[in-house]
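Peer 1: The structure that follows is given in the form of structure tokens.
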Amino acid sequence: MFISNVRLRKYFRYIFLSITCSFIIIINLFSFSIINFFQGKAIENEYTTNLKVLYQIKYNVEHMDNMIKKLCLSTYTTPYIRYMMYEEDQDYGELLKLTNRLRDTIQNTNDFIHSIFIYNGTNKQFFSTFQGLEFKDEYLNNMINNPNQCPPKLTPIYRNIKLINEDDKEINIDDVFTYILYDNYDEEKGIDGSIIFNIKAEWLFDNIKMINSLNDYSDEGIYILNDQNEIINLDNNSSLKPEYESDIKKDVVNNMNGDIGYFTSKISNEKFLVSYMKIEEVDWTIINVKPHKQLFKYITKMKLGILLITSLFLFITIILSIIITSKIYKPVGSLVSQLKNEDKEINNNDEIALLQNTYLYYSRELKRLNTENNKKDAIYRNYFLRKLLINSSAVTKNELREAKEEKSINLSFDNKFVLCILNIDNQIEFQHKSKEDKELYSFAIMNITTEIISDLHKNTAIDMRQGNIAIIVSNIKGENYDKDLIDKLTIAQNKFIKYFNMSFSISVSTICNDIHMLEKYYKEAVENMKYKYIFGNKTIITPEMVKMNRNNPNYSYSNDLEKKLLEAINSGIKRDINEVLIKIYKEISELHHDNITVSILKLTTTIRETYTQINLLRFEPVDIDIENLVLRASQIEYLDEYKTFIQSLIESFSIKPNEGNEKKQVILVETVKDIIHGNYSDKGLCLSQIAEILKVSQGYLGNVFKSYMKISIGAYINNVRLEKAAELLKNSNMSINEILEYIGIENKTYFYTLFKKKYGVTPKQYSLKAAVSPYL
Numbered sequence: 004m005f006i007s008n009v010r011l012r013k014y015f016r017y018i019f020l021s022i023t024c025s026f027i028i029i030i031n032l033f034s035f036s037i038i039n040f041f042q043g044k045a046i047e048n049e050y051t052t053n054l055k056v057l058y059q060i061k062y063n064v065e066h067m068d069n070m071i072k073k074l075c076l077s078t079y080t081t082p083y084i085r086y087m088m089y090e091e092d093q094d095y096g097e098l099l100k101l102t103n104r105l106r107d108t109i110q111n112t113n114d115f116i117h118s119i120f121i122y123n124g125t126n127k128q129f130f131s132t133f134q135g136l137e138f139k140d141e142y143l144n145n146m147i148n149n150p151n152q153c154p155p156k157l158t159p160i161y162r163n164i165k166l167i168n169e170d171d172k173e174i175n176i177d178d179v180f181t182y183i184l185y186d187n188y189d190e191e192k193g194i195d196g197s198i199i200f201n202i203k204a205e206w207l208f209d210n211i212k213m214i215n216s217l218n219d220y221s222d223e224g225i226y227i228l229n230d231q232n233e234i235i236n237l238d239n240n241s242s243l244k245p246e247y248e249s250d251i252k253k254d255v256v257n258n259m260n261g262d263i264g265y266f267t268s269k270i271s272n273e274k275f276l277v278s279y280m281k282i283e284e285v286d287w288t289i290i291n292v293k294p295h296k297q298l299f300k301y302i303t304k305m306k307l308g309i310l311l312i313t314s315l316f317l318f319i320t321i322i323l324s325i326i327i328t329s330k331i332y333k334p335v336g337s338l339v340s341q342l343k344n345e346d347k348e349i350n351n352n353d354e355i356a357l358l359q360n361t362y363l364y365y366s367r368e369l370k371r372l373n374t375e376n377n378k379k380d381a382i383y384r385n386y387f388l389r390k391l392l393i394n395s396s397a398v399t400k401n402e403l404r405e406a407k408e409e410k411s412i413n414l415s416f417d418n419k420f421v422l423c424i425l426n427i428d429n430q431i432e433f434q435h436k437s438k439e440d441k442e443l444y445s446f447a448i449m450n451i452t453t454e455i456i457s458d459l460h461k462n463t464a465i466d467m468r469q470g471n472i473a474i475i476v477s478n479i480k481g482e483n484y485d486k487d488l489i490d491k492l493t494i495a496q497n498k499f500i501k502y503f504n505m506s507f508s509i510s511v512s513t514i515c516n517d518i519h520m521l522e523k524y525y526k527e528a529v530e531n532m533k534y535k536y537i538f539g540n541k542t543i544i545t546p547e548m549v550k551m552n553r554n555n556p557n558y559s560y561s562n563d564l565e566k567k568l569l570e571a572i573n574s575g576i577k578r579d580i581n582e583v584l585i586k587i588y589k590e591i592s593e594l595h596h597d598n599i600t601v602s603i604l605k606l607t608t609t610i611r612e613t614y615t616q617i618n619l620l621r622f623e624p625v626d627i628d629i630e631n632l633v634l635r636a637s638q639i640e641y642l643d644e645y646k647t648f649i650q651s652l653i654e655s656f657s658i659k660p661n662e663g664n665e666k667k668q669v670i671l672v673e674t675v676k677d678i679i680h681g682n683y684s685d686k687g688l689c690l691s692q693i694a695e696i697l698k699v700s701q702g703y704l705g706n707v708f709k710s711y712m713k714i715s716i717g718a719y720i721n722n723v724r725l726e727k728a729a730e731l732l733k734n735s736n737m738s739i740n741e742i743l744e745y746i747g748i749e750n751k752t753y754f755y756t757l758f759k760k761k762y763g764v765t766p767k768q769y770s771l772k773a774a775v776s777p778y779l
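Letter by letter, the sequence shown follows residues 4 to 779 of the working numbering.
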């Protein structure tokens, strides 16, 4: 095959890129997973280390708190301290002496004590061991004398003690934790007396920094969040910026979950690991803050190693991809090289397109050859079967053998046969359908019937044209075909009605014992089909049913009945007319089919001539087309319809001209339309069903409807269903199958045929056109 514009080895490159990309994605995912795993482990390990430090800090803080509380209580109960707190008349010298004693015995023996204050509530006076007996501490004074707030008892309060010179300038600031102990508090008088211990904050901070000094992180920060939500930096030498403190406090308050834990905080585009621990004794939260860059400095080194290893693997991956791609591509390349020797020109873009187009080309060629062979076989098969039915005596044994072995005709020629003639009902309506519709219905009848019968007997079908389909059924046992065959034929009739809303009748021949006698029985079945006029549509006619008709020597109904009919018509008594007609119809239904046609013509002519004479004598003639009465009667396919037709004629002459008849027919037509519009989704909706609902004959109902609407009931039903389908295609998202279920049509092919015939496009094209029309 000649190859034009082939993109050389494009599929090879596609395979190579696919394999390589897959390997790269897997390796990268693996590398990222390892890095993330170690980063997570680093955070967990660091948190564990921080937890140990926090536990040690917590222990030291609680120990300090207990120690100071005990010291406060023991000092508070000392008699001279009680004297200083509660005595109203006090000697200044004595107070100075006692204060020095307090400094020497308590303050100077405990390095962590910054100063001790005694408050005398009676005199509203402070005595201090710091910078003079009467050193003024504004913070304590404001807190103790605040009538709206009870000072916290034995709870550490972080604050500053400010030393002010003679010029009221601050010359020194000391950070302390203040503990206050008192007996009573009165909302009006305040505290009656108290002792205040100021603990050096530096002492606690140094202790905590010593515990934390074992870590290697220079950027680490230790903070205390007290009960007033104030943040206290314990390490002023930390490289963390002071402006971070407010963000750290905010994140701890928002993210703290429980008494112990950790979280990652992002401050000024920098990530920090924040560990915290609650100290219930003092209502503090110890906070440890470490930058991620310090935590992951070893991880960063590991990343470089992983990057080098990943690069090595990627190089190996490329080599493996080339080897694997070559192995996979080898069969494709060999096949492509073989196709280069072909002569046909096939458009392609790559190797796969070349192979696909080559396959499609030869598939089409093979299909075309098979179609041609099938057409030849079908032509021969149809010719042979028609010859077998029309001139079976001329068929040779060699032709029978060849037909069975080479043309796959599903018959056993050595057995007994039954011939079935299938004829679509309502032939006048059927003949007005398109050629495509006729072929569709004929194919459907053959396919449905042969498939159902095949459960019992081998059979084959042939379209004999003129609305007749012949089915040869073999493997018949006995002299009479069994009831099962009739049941299968009935099932086929019902299935066709369900799918196509049309019916067909069947004429079954006598059992044939010799294949060369089929010609005779074919003629018999075709002749018997003419008795469908008597039995109506959807009937199965057997030889036994028409045996009396075929042997009836009479040519017509009796002359006596004709005379009685003339008398009854002239009398105008409907009851008498109907009684005579019933007897005439009975005699006609017993005649040979050739004589039935003649008798109907004779009866119609008699009625026409009689009513013509009556009309001439009327002062107001009945407005009815009597002249074409015979023509209209000849177009009626069934005796029941003919009866309805004649009955309507009698009714027209039995009432005053035009009195109420037209109004009734209009009401009848409108009722039929309402039934159709309300029940179009019913798959079994048809002329016979509507006639049964309205309690009128099918022929009369069909004629009245068609005379007013200029369209048959079946066609009107289809139009309503197609209009509803078009509406759904335009205004809904329903699928074709859902629409078919909704409008009552089961056969998708039949629906497509009707829709395209009405709208000129397929349903999908109609839906697409409706969707884009608003934008055009």
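Cβ coordinates follow ideal geometry from the N, Cα and C atoms, glycine included.
First and last residue of the alpha helix (DSSP H) that includes F538?
Peer 2: For this step, residue 538 is matched to residue 535 along the sequence shown. Where F538 is concerned, the enclosing alpha helix (DSSP H) stretches over K535 to F538.
Peer 1: May I ask you to list the residues that DSSP assigns as paired with R16?
Peer 2: Your numbering for residue 16 matches position 13 in the sequence shown. Looking at the DSSP assignment, R16 forms no beta bridge with any residue, so it has no partner.
Peer 1: Would you list the residues sitting across from K796 in a DSSP beta bridge?
Peer 2: Only positions 4 to 779 of the chain appear in the structure, and residue 796 is not among them; the question remains open.
Peer 1: Within the continuous alpha helix (DSSP H) that includes F754, where are the two ends?
Peer 2: Your numbering for residue 754 matches position 751 in the sequence shown. Looking at the DSSP string, the run of the alpha helix (DSSP H) that includes F754 is K751 to Y762.
Peer 1: What is the DSSP secondary structure of S637, reduced to helix, strand or coil?
Peer 2: Within the sequence shown, numbered from 1, the residue matching residue 637 stands at position 634. Correct three-state label for S637: helix.
Peer 1: What whole-angstrom Cβ distance do Q496 and S510 have, given they're in contact under 8 Å?
Peer 2: In the sequence shown, the residue the question calls residue 496 occupies position 493. In the sequence shown, the residue the question calls residue 510 occupies position 507. With 8 Å as the limit, Q496 and S510 do not qualify as a contact, their Cβ atoms being about 13 Å apart.
Peer 1: So for P660, helix, strand or coil by DSSP?
Peer 2: The residue labelled residue 660 in the question sits at position 657 within the sequence shown. Legend: pLDDT at P660 = 43, less than 50; position of this residue unreliable, value from coordinates given subsequently. In this structure, P660 counts as coil in the three-state DSSP scheme.
Peer 1: Identify whether Y185 lies in helix, strand or coil by the three-state DSSP scheme.
Peer 2: One-based indexing of the sequence shown puts residue 185 at position 182. When DSSP states are grouped into helix, strand and coil, Y185 belongs to the strand group.
Peer 1: Reducing DSSP to helix, strand and coil, say where D821 ends up.
Peer 2: Since the displayed the chain opens at 4 and closes at 779, residue 821 lies outside it and no answer follows.
Peer 1: Assuming the contact rule is C-beta atoms closer than 8 Å, I84 and F200 should be a hit. Round their C-beta distance to whole Å, please.
Peer 2: Locating residue 84 in the sequence shown gives position 81, counting from the first residue. Locating residue 200 in the sequence shown gives position 197, counting from the first residue. That pair is no contact at about 12 Å.
Peer 1: State the CB to CB distance for the pair I235 and Y142, rounded to an integer number of angstroms; the pair is presumed to be in contact (CB under 8 Å).
Peer 2: Working through the sequence shown from its first residue, we reach residue 235 at position 232. Working through the sequence shown from its first residue, we reach residue 142 at position 139. For a cut-off of 8 Å, the C-beta gap from I235 to Y142 is around 16 Å, too long to register as a contact.
Peer 1: Specify the secondary structure class of N401 as computed by DSSP and reduced to three states.
Peer 2: The residue labelled residue 401 in the question sits at position 398 within the sequence shown. Helix.
Peer 1: Just to confirm before moving on: does the CB-CB distance between E527 and T756 stay below 8 Å?
Peer 2: Within the sequence shown, residue 527 is the residue found at index 524, counting from 1. Within the sequence shown, residue 756 is the residue found at index 753, counting from 1. For E527 and T756, no; Cβs fall outside 8 Å.
Peer 1: Looking at the unbroken alpha helix (DSSP H) that takes in M737, where does it start and where does it end?
Peer 2: What you label residue 737 is simply residue 734 of the sequence shown in a count that begins at 1. M737 -> no alpha helix (DSSP H), and no H or E assigned at all.
Peer 1: What does the Cβ neighbour count give for L32, buried or exposed, with the cut at 16 atoms within 10 Å?
Peer 2: Along the sequence shown, read from residue 1 onward, the residue named residue 32 stands at position 29. Counting of Cβ neighbours within 10 angstroms places L32 among the exposed residues, the total staying below 16.
Peer 1: Helix or strand or just coil, what does DSSP make of L414?
Peer 2: As a first step, residue 414 is located in the sequence shown; it is residue number 411 there, counting from the start. L414 falls in the coil class under three-state DSSP.
Peer 1: Just list the residues that DSSP pairs R162 with in beta bridges.
Peer 2: What you label residue 162 is simply residue 159 of the sequence shown in a count that begins at 1. DSSP output for R162 lists V179 as bridge partner(s).
Peer 1: Looking at the secondary structure, which residues open and close the beta strand (DSSP E) in which V511 lies?
Peer 2: Residue numbering aside, residue 511 sits at position 508 when the sequence shown is read from its first letter. Counting along the chain, the beta strand (DSSP E) containing V511 begins and ends at F507 to V511.
Peer 1: Tell me the start and end of each unbroken beta strand (DSSP E) in the region 424 to 492 that is at least 3 residues and wholly inside, in chain order.
Peer 2: 462 to 466 and 471 to 479
Peer 1: Could you pull the start and end residues of the beta strand (DSSP E) that I576 belongs to?
Peer 2: Along the sequence shown, one-based indexing puts residue 576 at 573. From DSSP, I576 is part of no beta strand (DSSP E); its letter is neither H nor E.
Peer 1: Rounded to whole angstroms, what is the Cα-Cα separation between E726 and D685?
Peer 2: On the sequence shown, residue 726 is found 723 positions in, with the first residue counted as 1. On the sequence shown, residue 685 is found 682 positions in, with the first residue counted as 1. For E726 and D685, the distance between alpha carbons rounds to 16 Å.
Peer 1: Within the same chain, show all residues whose beta-carbon is closer than 7 Å to that of T78, passing over the 5 residues directly before and after it, in chain order.
Peer 2: Walking along the sequence shown from the start, residue 78 turns up at place 75. So the list reads I84, I109 and I198, once near-sequence residues are dropped.
Peer 1: Could you say which of L323, Y769, S337 and M280 lies nearest to L731 if we only look at CA atoms?
Peer 2: Along the sequence shown, read from residue 1 onward, the residue named residue 731 stands at position 728. For the residues L323, Y769, S337 and M280, the minimum Cα distance to L731 belongs to Y769.
Peer 1: Helix, strand or coil for D517, going by three-state DSSP, please let me know.
Peer 2: For this step, residue 517 is matched to residue 514 along the sequence shown. Coil.
Peer 1: Give the range of the alpha helix (DSSP H) segment to which K100 is assigned.
Peer 2: Sequence index remark: in the sequence shown, residue 100 carries index 97 (1-based). For K100, the uninterrupted alpha helix (DSSP H) segment begins and ends at Y95 to L105.
Peer 1: Buried or exposed, going by whether 16 or more other CB atoms sit within 10 Å of the CB of P294?
Peer 2: For this step, residue 294 is matched to residue 291 along the sequence shown. Buried, because 16 or more other Cβ atoms sit within 10 Å of the Cβ of P294.
Peer 1: Which same chain residues end up closer than 6 Å to A773 when comparing Cβ atoms and leaving out the 5 residues on each side of it in sequence?
Peer 2: Position 770 of the sequence shown, counted from the first residue, corresponds to residue 773. Cβ within range, chain order: K733.
Peer 1: Is the beta carbon of L564 sitting closer than 8 Å to the one on I585?
Peer 2: Here the question's residue 564 lines up with position 561 in the sequence shown. Here the question's residue 585 lines up with position 582 in the sequence shown. Not in contact: L564 and I585 (Cβ atoms no closer than 8 Å).
Peer 1: Since I believe E590 is in contact with Y560 (beta carbons under 8 Å), could you give me their beta-carbon distance rounded to a whole number of angstroms?
Peer 2: The sequence position of residue 560 within the sequence shown is 557, counting from 1. The sequence position of residue 590 within the sequence shown is 587, counting from 1. That pair is a contact at about 4 Å.
Peer 1: For G196, name the three-state secondary structure that DSSP assigns.
Peer 2: As a first step, residue 196 must be located in the sequence shown, where it is residue number 193. Here G196 sits in strand by DSSP.
Peer 1: Output the distance between the C-alpha atoms of K659 and K698, rounded to the nearest integer angstrom.
Peer 2: Taking the first residue of the sequence shown as position 1, residue 659 is located at position 656. Taking the first residue of the sequence shown as position 1, residue 698 is located at position 695. Any reading at K659 needs caution, since the residue's pLDDT is 47, under 50, leaving its predicted position unreliable; the model's value is listed next. Separation of K659 and K698 (C-alpha to C-alpha, rounded to the nearest whole angstrom) is 24 Å.
Peer 1: Taking only the alpha-carbon atoms, compute the straight-line gap between F758 and F19 and give it to the nearest angstrom.
Peer 2: Locating residue 758 in the sequence shown gives position 755, where the first residue counts as 1. Locating residue 19 in the sequence shown gives position 16, where the first residue counts as 1. Approximately 51 Å between the Cα atoms of the pair.
Peer 1: Kindly list the residues whose CB is nearer than 6 Å to the CB of G539, restricted to its own chain and excluding five residues on each side of it in sequence; keep chain order.
Peer 2: Walking along the sequence shown from the start, residue 539 turns up at place 536. Excluding residues within five positions, the ones whose Cβ falls inside 6 Å are Y641 and D643.
Peer 1: Report the CB separation of L54 from S278 in whole angstroms; it is logged as a contact under 8 Å.
Peer 2: If you number the sequence shown from 1, residue 54 lands on position 51. If you number the sequence shown from 1, residue 278 lands on position 275. 7 Å between Cβ atoms; contact.
Peer 1: Going straight from the alpha carbon of I580 to that of S651, what length do you get?
Peer 2: The residue you call residue 580 lines up with position 577 of the sequence shown. The residue you call residue 651 lines up with position 648 of the sequence shown. Going by C-alpha positions, I580 is about 13 Å away from S651.
Peer 1: Less than 8 Å between the CB atoms is what I'm expecting for N291 and L57, so what's the real figure, rounded?
Peer 2: Residue mapping note: residue 291 aligns to position 288 of the sequence shown, counting from 1. Residue mapping note: residue 57 aligns to position 54 of the sequence shown, counting from 1. Rounded, the Cβ-Cβ distance is 6 Å, consistent with contact.
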